[in-house]
Amino acid sequence: MRSVVMSRQAPLRLLDLAAQSLLSDEDSAMRALGELPVGLFPTLSAVAFEGGHTKTVTAMVQAWPFPCLHLGSLRDQSITQDLLEAVLDGLELVPTNTACPRRSKLKVLDFTHDFEHSNWEECSETSPAPFVITHVLEEPEADQLTPSFREQPRSDREPVDIYTDLFLGGLFGFFHLSGFPSYILQRVGKSHGCLRLHCRTLVINQVPFRSLIEILGMLELEAIREVRLHHRSRFCFQSDLIQFFTQLGQMSSLGKLIMSDIPWDFPADCFSLLSPLGHLQKLHLTFGCLSGQLHKMLSGLQKPLETLVINGCRITENDITYLSQSTHATRLKELVLCSNNLSQTVPGPLEVLLGEVSGTLEHLNLRSCRLKEAQLRALLPALCCCSRLRSLVFYDNVISTSGIMNVLQHLAGLKELKRVHYPVPAECIVYLDEYRWGNLNRVELARVHTRLQEMLQALQRADMELTNCTSMP
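Everything in the sequence shown is counted per the numbering used here, starting at 680 for the first residue and increasing by one.
Below is the structure:
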């Protein structure tokens, strides 16, 4: 066994030693790139990165024999700004090593953890975490630009696509972009089209819309697939909101949009600017200004949604009525209506909505919806028609033990239903109101849980997982 392990490891150690020896003289290493076997490029590049050989890194990028360079497995601390600047120099500038006849085939530079373009042949895996931008976009000082960056970028090759995920974070309304993220955005902006920045996932937390608009202008908007926007500031200009939503509407590949903590004066009419979106499937909304405005947000979307999360948005009976009559009710697989007062929608539009989604619905969340036992009982006929339902959440509603048992008995026939998150029964706790608990009788709760499980076993549904929320707020 030992000899087998050694025989497998020895070639790797020899290659590393050979690469280190070659890199001991960077000029020699750069001259050797023209004759270096293609298969040795990944090993030499890994050693060059680890040793901080910036000149060799630039030269290797200029002679890279593969269509893709995946930097997704390098540790954060291994990637200095000098090394990343060296990579970008290699992408943009005319090779200084004229003795090397090899021309770069590089088309994609990847800084993501799970690069999707696996169809690229012979992609190298030489990861940083996605660029984390935690600090308004600033111009670098003139003396910060390296001499090579002042040179004219090369124009005799196809543009190189840079793939990454961006996390934009501000603090107390301030947003300052510095370090390598600032550098790469500036390089993309000044590359005359040689570099194109593709961002799959864009996370925005507390970033002023004006700064965000500037950054979005540097991205290939059609490449963005997911946007998570968290914005608590009450100070924003409507013109900035309109411009941001115009840019959002240009994200033709956007499949998931999460918006939370949006200002109270947010104009719901901005959603009409999202009408060009043809791939949006998942929409998460968490802000209080939605009440009575759901039709403005959904009516312009081209295709039905598969996931709709409306969390704490103060939706009204009219909102539920609109949703039940919309095309979105024909395709929804996940529906989350938690932390909304739905007590006025039963009997009425909530039953109709559940009936409309019964053919596709897989996950339903009715947590903290102020539903009483009689209202939940009225929903059971519609719920029993949801043949594809896999999970049901209805905790933080005031329901008795007998009411919970009644729900489980009715839904036991749904063979796909595997997970039910039920409320703490009213007999086991003192409810101060719909959202606050008093003392919890854990002994009684354990007895109730055992009874529920025994009942499911008798119904031949021991495969159904029951959970309850017993942590005090």
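We put the CB at the ideal spot given by N, CA and C, even for glycine.
Sort the options by Cα distance to residue i and report the nearest one.
i: E714; options: R781, V1077 and Q760; result: R781
i: G979; options: S954, L1090, I892 and A742; result: S954
i: S1155; options: A765, L770 and I1078; result: In the structure displayed, the chain extends from 680 to 1152; residue 1155 sits before or after that span and is not available.
i: L977; options: I1083, R993, T1006 and F966; result: T1006
i: A765; options: L1055, L1131 and Q741; result: Q741
i: H1089; options: L1135, L719 and W743; result: L1135
i: R972; options: T986, L987, T965 and I994; result: As written in the sequence, residue 972 is Gln, which differs from the Arg given in the question. Here the closest residue by C-alpha is I994.
i: P721; options: L750, D706, G1038 and L845; result: L750
i: N1076; options: D1142, Q1054 and P746; result: Q1054
i: F745; options: P716, T735, K734 and L772; result: P716
i: L952; options: S783, G967 and K975; result: K975
i: N1019; options: Q1132, T737 and G967; result: G967
i: L961; options: K935, S890 and L969; result: The question names Leu, but residue 961 is Lys in the sequence shown. Selected option, being the one with the closest Cα: K935.
i: V736; options: A711, G769 and R710; result: G769
i: E837; options: L696, L772, L1131 and L693; result: L772
i: E1052; options: D1142, N1085 and E1133; result: N1085
Within this structure, are the beta carbons of residue i and residue j separated by less than 7 Å?
i: L1014; j: L1043; result: yes
i: L898; j: C878; result: yes
i: I863; j: L788; result: no
i: C1148; j: E1123; result: no
i: N990; j: C949; result: no
i: Q699; j: V726; result: yes
i: E1041; j: R1067; result: yes
i: I941; j: H963; result: no
i: T1080; j: P1104; result: yes
i: F728; j: L762; result: yes
i: F888; j: F923; result: yes
i: G1117; j: V1109; result: yes
i: S707; j: W743; result: no
If contacts are defined as beta-carbon pairs under 8 Å, then residue i and residue j qualify, I think. What distance do you get, rounded to the angstrom?
i: S1070; j: K1094; result: That pair is no contact at about 14 Å.
i: A1169; j: V1036; result: Given a span of 680 to 1152 for the chain in the structure shown, any question on residue 1169 remains unanswerable.
i: S1003; j: L1032; result: 4 Å
i: V839; j: L874; result: 6 Å
i: L785; j: L748; result: 6 Å
i: M709; j: L723; result: Actually they do not touch by this definition, with Cβ atoms about 11 Å apart.
Helix, strand or coil for residue i? Go by DSSP, reduced to three states.
i: N1019; result: coil
i: L874; result: strand
i: R1046; result: coil
i: R710; result: helix
i: D1142; result: coil
i: D840; result: strand
i: T965; result: strand
i: T1080; result: helix
i: R1126; result: helix
i: N1120; result: coil
i: L1071; result: strand
i: V882; result: strand
i: V1025; result: coil
i: E705; result: helix
i: F728; result: helix
i: V906; result: strand
i: D789; result: strand
i: K734; result: helix
i: E1153; result: Residue 1153 cannot be examined here, being either before or after the span of the chain that is shown, 680 to 1152.
i: G848; result: strand
Using a Cβ-Cβ cutoff of less than 7 Å, which residues in the same chain neighbour residue i once the five nearest sequence positions on both sides are dropped?
i: Q926; result: I892, L895 and L900
i: L933; result: I903, R904, V906, L956, H958 and L959
i: Y1101; result: F1073, Y1074, I1083, L1145 and N1147
i: T1039; result: R1010, L1011, K1012 and R1067
i: P946; result: Q917 and L920
i: E1030; result: A1057, L1058 and A1061
Residues in its own chain within less than 8 Å of residue i by CB, not counting five upstream and five downstream?
i: E996; result: Q1023, T1024, G1027 and P1028
i: E1144; result: K1097, R1098 and V1099
i: L984; result: L959, Q960, K961, L962, L977, H1007, R1010 and L1011
Grab me the residues of residue i's own chain with a C-beta within less than 6 Å of its C-beta, minus the 5 sequence neighbours each way, in chain order.
i: R907; result: V882 and I937
i: G868; result: M897
i: D704; result: none
i: F828; result: Residue placement at F828 cannot be trusted, given a pLDDT of 38 that sits under 50; what the coordinates show is reported in the next sentence. Taken in chain order, the list of residues that qualify is empty.
i: R1140; result: A1091
i: Q981; result: G957
i: S931; result: E901
i: G928; result: L952, L953 and P955
i: Y1001; result: L973 and H974
i: T986; result: K961 and E1013
Would you say residue i touches the ligand SAM, meaning its beta carbon is less than 6 Å from a heavy atom?
i: R1069; result: By its list of ligands, the structure shown contains no ligand whatsoever, and the ligand SAM lies outside what it can speak to.
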